[in-house]
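Q: When you read off a place in the sequence shown, starting at 1, and then add 14, the result is the number in the numbering used here.
Beta carbons: idealized from backbone N, C-alpha and C, even for Gly.
Before I ask anything, let me first share the structure, which is written out below as structure tokens.
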Amino acid sequence: MKEKQAQMLWDEVDAAERHLLSGAFSKAQAAAAAVLLKASSLRTSGKSAGADLNDIVESSAMVLLQAQHERRRHDELEGQFLKAFSKLDAIPPEVFLTWSCLRIKAGDKDGAEEAVAEYLKLRGKELDRRAGCSLAGLYTLDLLCEHRNTPQQAEDWLHEQSGWLDGATIRLLLKKVRRRQLRSNSASKRTVEAPDQKTNGHLPSPAPSADCPAKATSVPSSSPFIDPPETSNRDSALPEPSSSVDQRGVFDPPPNPSERNGSRDLRLSSAGPRSGFLSWLLYWAALAQGWWRRAWQNGHQKWRQVTEDGGGRALLTVLAAGLFLYAVIKERATLKRHLRKALHSCQQNLSDLYELAFSYSMNPLATAAQLSAQAVPRS
15 MKEKQAQMLW DEVDAAERHL LSGAFSKAQA AAAAVLLKAS SLRTSGKSAG
65 ADLNDIVESS AMVLLQAQHE RRRHDELEGQ FLKAFSKLDA IPPEVFLTWS
115 CLRIKAGDKD GAEEAVAEYL KLRGKELDRR AGCSLAGLYT LDLLCEHRNT
165 PQQAEDWLHE QSGWLDGATI RLLLKKVRRR QLRSNSASKR TVEAPDQKTN
215 GHLPSPAPSA DCPAKATSVP SSSPFIDPPE TSNRDSALPE PSSSVDQRGV
265 FDPPPNPSER NGSRDLRLSS AGPRSGFLSW LLYWAALAQG WWRRAWQNGH
315 QKWRQVTEDG GGRALLTVLA AGLFLYAVIK ERATLKRHLR KALHSCQQNL
365 SDLYELAFSY SMNPLATAAQ LSAQAVPRS
């Protein structure tokens with residue numbers, strides 16, 4: 015009976031998923047809500063419909079979430095979940111995380127912030143590392159930093175959660191929070207300095223002449239906060255040339271008009287159109303060069319750290335001696351054969367040298383003296 019009941023629930027979940035994939039979101043919502051109520055009632059009453067009852071609850075809740083999100087009925091989800099689970103901390107972590115992300119995407123960031131804070135307060139110590147890290151990152155990075163713009167509050171909250179968050183997760187989230195804080199500070203600084211740079215770096219536009227069409231005079235000037243539509247991505251990626259006196263260095267002389275025109279012509283000629291393949295090739299070549307340089311520098315630095323340490327030098331010496339002994343033991347027969355062959359060749363060479371040095375038949379002077387003595391007649 016239990017297996018049959020579980021199979022019936024899985025069939026209803028599959029039917030709800032088919033409705034969701036086919037675009038019948040109302041039918042998918044109704045079927046998923048019915049399955050979720052049945053499975054939740056079985057779990058709370060203690061009657062198990064199989065070992066995968068929790069999977070049935072999570073699957074039906076996920077289908078219900080997606081169906082209500084497609085129907086734009088986010089306000090009904092909270093009531094359905096409270097009806098099925100009776101309290102907020104009874105919602106499975108994966109379902110609650112998906113629900114919070116969909117609420118943020120729909121624009122209900124205040125409600126998502128309150129729900130996530132309450133959920134972590136009630137069930138933070140029971141979460142595993144993956145779910146805890148995901149929910150803590152959602153609360154600190156997306157809600158406190160991005161929505162509230164309060165990174166200091168996010169840091170204080172992370173320091174307070176050391177009871178259930180491990181140290182590695184807290185350090186990782188603190189690093190990301192500080193990085194976003196620096197990014198927001200630099201963005202606000204650029205926004206404040208943008209009007210001054212625009213007024214110093216550009217001359218006022220000339221008055222329209224009679225030869226120009228009247229339509230050209232109605233084009234508004236470019237705002238420092240909005241990019242003009244005429245600029246392309248390639249032009250916007252290039253840095254603006256500093257034409258004001260304040261942007262030059264203190265010891266830099268004023269530019270010569272002829273040199274300025276020549277450098278402008280050279281810059282225009284070098285910034286000509288490039289083919290897509292050439293740009294792609296240059297980009298990947300520069301990327302590979304930087305990667306190899308960083309790899310070489312890191313490897314060289316690690317090698318220096320190992321060699322400068324006394325324990326590292328001793329370890330390298332032991333490893334080298336071990337490799338040498340392993341090679342000697344492994345190739346012992348081959349080494350013996352080569353040594354025996356070398357000794358035999360040395361012995362043969364020494365014997366040949368001895369015969370050449372002290373042999374009578376091989377001495378040419380002795381042979382010539384003997385022949386001359388035989389050629390002289392005796393008196």
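Cα-Cα, which of Leu79, Gly146 and Gly313 is closest to Glu92?
A: Comparing Cα-Cα distances from Glu92 to each of Leu79, Gly146 and Gly313, the minimum goes to Leu79.
Q: Could you check where the alpha helix (DSSP H) with Ser176 kicks off and where it finishes?
A: Looking at the DSSP string, Ser176 is not in any alpha helix (DSSP H), and its letter there is neither H nor E.
Q: Would you tell me roughly how many angstroms separate the C-alpha atoms of Glu128 and Gly37, rounded to the nearest one?
A: Rounded to the nearest angstrom, the two C-alpha atoms are 32 Å apart.
Q: Helix, strand or coil for Asp28? Go by DSSP, reduced to three states.
A: Helix, per DSSP.
Q: So what's Asn163 in DSSP terms, helix, strand or just coil?
A: Asn163: coil per DSSP, three-state reduction.
Q: Would you verify that the beta carbon of Asn363 is, or is not, closer than 8 Å to some beta carbon of chain C?
A: Checking the listed chains, one finds no chain C in this structure; it contains a single protein chain.
Q: Go ahead and pull the three-state DSSP assignment for Glu398.
A: This structure cannot speak to residue 398, because the chain is shown only from 15 to 393.
Q: Just to confirm, are Leu50 and Ala120 a CB contact at a threshold of 8 Å?
A: Against a cut-off of 8 Å, the Cβ pair of Ala120 and Leu50 comes out as no contact.
Q: Applying the 10 Å Cβ sphere with the 16-neighbour rule, what's the burial state of Arg308?
A: With fewer than 16 Cβ atoms within 10 Å of its Cβ, Arg308 is classed as exposed.
Q: At what residues does the alpha helix (DSSP H) containing Thr112 begin and finish?
A: Unbroken alpha helix (DSSP H) run through Thr112: Pro107 to Ala120.
Q: Please report how far the alpha carbon of Ser359 lies from the alpha carbon of Leu349, in whole angstroms.
A: For Ser359 and Leu349, the distance between alpha carbons rounds to 15 Å.
Q: Among the candidates Ser176, Ser198 and Ser73, whose CA atom is the shortest distance from the CA of Thr112?
A: It is Ser73 whose Cα lies nearest to the Cα of Thr112.
Q: How far does the alpha helix (DSSP H) with Glu127 in it reach, from first residue to last?
A: Per DSSP, Glu127 belongs to the alpha helix (DSSP H) from Lys123 to Arg137.
Q: For the alpha helix (DSSP H) that contains Arg351, what are its first and last residues?
A: Element bounds for Arg351: Arg346 to Phe372.
Q: Closest by CA to Leu136, which one among Ala356, Trp178 and Asp124?
A: Selected option, being the one with the closest Cα: Trp178.
Q: Starting from the C-beta of Gly336, find all residues in its chain whose C-beta is less than 8 Å away, skip the five residues before and the five after it, and write them out in chain order.
A: Cβ neighbours of Gly336 beyond the five flanking positions: none.
Q: Under the rule that 16 or more other beta-carbon atoms within 10 Å means buried, what is Lys139, buried or exposed?
A: Under this definition Lys139 is an exposed residue.
Q: For a test of the three-state rule: what should DSSP assign to Gly304, helix, strand or coil?
A: Looking at Gly304 - three-state DSSP - the assignment turns out to be helix.
Q: Please state the DSSP three-state secondary structure of Gly325.
A: In this structure, Gly325 counts as helix in the three-state DSSP scheme.
Q: In whole angstroms, what is the alpha-carbon distance linking Leu67 and Ala53?
A: Each residue's Cα considered, the two are about 7 Å apart.
Q: Quick check on this structure: which residue in Leu149, Val109, Ile118 and Arg32 has the alpha carbon closest to the alpha carbon of His161?
A: Considering only alpha carbons, the answer is Ile118.
Q: Helix, strand or coil for Gly313, going by three-state DSSP, please let me know.
A: Helix at Gly313.
Q: For Tyr368, count neighbouring Cβ atoms within 10 angstroms of its own Cβ and tell me buried if that reaches 16, exposed if not.
A: Under this definition Tyr368 is an exposed residue.
Q: Identify, in the order they occur along the chain, each residue of the same chain with its Cβ nearer than 8 Å to the Cβ of Cys115, setting aside the five sequence neighbours on each side.
A: Answer for Cys115: Leu152, listed in chain order.
Q: With 16 other CB atoms within 10 Å as the buried threshold, where does Ala30 fall?
A: By the neighbour-count rule (16 or more Cβ atoms within 10 Å), Ala30 is buried.
Q: Can you tell me whether Val77 is buried or exposed? The criterion is at least 16 other CB atoms within 10 Å of its CB, across all chains shown.
A: Buried is the call here.
Q: Is DSSP giving Ser200 helix, strand or coil here?
A: In the structure shown, Ser200 sits in a helix (DSSP, three-state: H, G or I).
Q: Look at the alpha carbon of Arg318 and the alpha carbon of Leu186, and state the distance between them as a whole number of angstroms.
A: The straight-line gap from Cα to Cα measures roughly 29 Å.
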